[in-house]
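Have a look at the structure below, then the notes.
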Ligand SMILES: [Zn+2]
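In the working numbering, the protein residues as written are 1 to 142.
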């Protein structure tokens, strides 16, 4: 169902989405379907289901609403850090502490032209950084 560690696909860098078309939205729909009923995890990147595209989605506080991040970027990271205790849908039953920036400013795209910026703090900031690492082929387990 998910690409699992140590599959080499997870180490690859995902590509920027150039076309905001029905096939992109189809992939997002598949991602939502795959994560909606998974109770232990709150986010998924496209690479974890085999698409090397810069997309990830985060369940809104475990409810059935989603943040969809397309071509996200981290614009600023606080110099304040926090040890976040994390698991990964691609590494079942593995949990570890990871040093994360406590606050970040990010941008994400709705389509080719429109993007918006967010200020994220605490849990959602750590989740964003975890998924952002997936887009660059970085995992919580080396
Ligand atoms: Zn993960």
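Ideal placement from N, C-alpha and C gives every residue a C-beta, glycine not left out.
- By a beta-carbon distance limit of 8 Å, residue 41 does not contact residue 139. Their separation comes to about 14 Å.
- Around residue 132, the same chain offers 72 and 74 as residues with beta carbons nearer than 7 Å, after the five sequence neighbours per side are excluded.
- Counting of Cβ neighbours within 10 angstroms places residue 59 among the buried residues, the total reaching 16 or more.
- In this structure, the straight-line span from the alpha carbon of residue 110 to that of residue 18 is close to 12 Å.
- Taking a C-beta distance under 9 Å as the contact criterion, residue 47 and residue 123 do not qualify as a contact pair.
- Its Cα nearest to that of residue 102, the residue 121 stands out among 9, 121 and 127.
- Relative to ligand 1, even the nearest heavy atom lies 8 Å or more away from the CB of residue 46.
- Close CB contacts of residue 12 within its chain, under the 8 Å cut and outside five residues either way in sequence, are with 47, 52 and 137 (chain order).
- Placement of the Cβ of residue 90 at a distance of less than 8 Å from at least one heavy atom of ligand 1 is found.
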